[in-house]
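Student: One structure, as C-alpha cells, below. Some questions next.
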Amino acid sequence: MLVIQVKIGIDIDGTITHPSSCFNYMNKYLGTSIDFEMASEYELHTYTEMDQIEFWEFMVKSGHELGIYRESIPQELVKQHLWDLRKQYDLHYVTARSEIVRPVTEEWIKQHELPLDSLIMTGSHDKVQVVRDLALDLFMEDRLENAIQIAEDTSIPVILFDAPYNRRPVPENIIRVSSWDEAVQTIHKFAPIR
Ligand SMILES: [Mg+2]
C-alpha cells in the first residue's frame, strides 16, 4: 500500500518557542521594558534605538543572538503534541534563523526533548520556496507577513499562533489559534491522514 505522508512545516520562534521569550530576554539583558501584551511590533530592533542591521550586528557580536535562542522557553504542551503529531505526519522545522546558529538551535531542541527530523534554516523571512520545494501541506507560523505570503502564494492552510504583534485581519486560509491544543485540532481537521 502506498502511504503518502502529510507534511507539516513548523516555524520555531513564537510557534514552538513561547512568543514572549525574546521580549523577556531583551528586558532581562538589554535594558528594555517591553510589556509583551502590548508588543505590537514583531521586529525586536524597533524596541531599541538601533536600526535592524545595527541591532543584529550587535546581537551577534555581543553573544546575545545565541543567548536569546538558548534561553527561549517552549510553548505549553508543545513537546507532547510534537511527539504525537510525528506519529502521523512528516514534521519539518522551517526557521528564518541562519545556518550559523544551527548548532545552538539543535542543542535547544535536544535539551527540551523535542523530536528533530528535519530543520531548514532559511536565513530570511521568505519561506515560500521551502514550502514549494518540500511540497508542504500545511504550515504553522506566528509572523503575520510570513503567514499571509505562504497562504497567498501557495494556497495551503496556515495556522497562525496568536500573539500581540500579529493581531490584524487574515485571509480565509489562515486559521488563528491561541494554543497548541487548538493548533492540533485544526491540523487534524485540515490535514487528515491520507
Ligand atoms: Mg516565528
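In the numbering used here, the protein residues as written are 517 to 710.
We treat Cβ as the ideally placed atom computed from N, Cα and C, and that holds for glycine.
Since this is a predicted model, take the numbers as computed values, not measurements.
At what residue ranges does the region 631 to 663 contain a whole run of the beta strand (DSSP E), taking only runs of 3 or more?
Tutor: If we require 3 residues or more, the beta strand (DSSP E) runs fully inside the region 631 to 663 come out as 635 to 637 and 654 to 657.
Student: Tell me which residues share the same chain as P631 and place their Cβ nearer than 7 angstroms to its Cβ, disregarding the 5 neighbours each side in the sequence.
Tutor: Closer than 7 angstroms at the Cβ level, and outside the excluded window around P631, lie L598, W599, R602 and L607.
Student: What's the gap between the Cα of D529 and the Cα of V674?
Tutor: Each residue's Cα considered, the two are about 16 angstroms apart.
Student: I'd like to confirm the pairing. Which residues does DSSP put opposite P590 in its beta bridges?
Tutor: Partner(s): T533.
Student: Of the residues R618, R648 and E622, which one's Cα is nearest the Cα of G639?
Tutor: For G639, the nearest C-alpha among the options comes from R618.
Student: Whose CA, out of L546, G547, L650 and S536, lies closest to the CA of D658?
Tutor: Checked all of L546, G547, L650 and S536; the closest Cα to D658 is S536.
Student: At a threshold of 7 angstroms, does T531 count as lining ligand 1 (C-beta to nearest heavy atom)?
Tutor: Because some heavy atom of ligand 1 lies under 7 angstroms away, the Cβ of T531 counts as near it: yes.
Student: Using a Cβ-based criterion (distance less than 7 angstroms to any ligand heavy atom), does D658 qualify as near ligand 1?
Tutor: Yes, the Cβ of D658 comes within 7 angstroms of a heavy atom of ligand 1.
Student: Looking at V707: is its Cβ nearer than 8 angstroms to the Cβ of Y609?
Tutor: In the sequence as presented, Val is not what sits at residue 707; that position holds Ala. In this structure, Y609 does not lie closer than 8 angstroms to A707 by Cβ.
Student: Taking one C-beta from the region 680 to 687 and one from the region 545 to 561 each time, how about it: are there three or more such pairs within less than 8 angstroms?
Tutor: The region 680 to 687 is in contact with the region 545 to 561.
Student: Where does Y558 sit, in a helix, a strand or coil, going by DSSP?
Tutor: Coil, per DSSP.
Student: Using a 10 Å radius around the Cβ and a threshold of 16 neighbouring Cβ atoms, would you call R567 buried or exposed?
Tutor: Here residue 567 is Asp; the residue named in the question, Arg, does not match the sequence. Classification for D567: exposed.
Student: So, for V594: in the same chain, excluding its five sequence neighbours on each side, which residues have a beta-carbon less than 8 angstroms away from its beta-carbon?
Tutor: The answer, listed in chain order, is I532, L630 and W696.
Student: Under three-state DSSP, which class holds G525?
Tutor: It is a strand residue.
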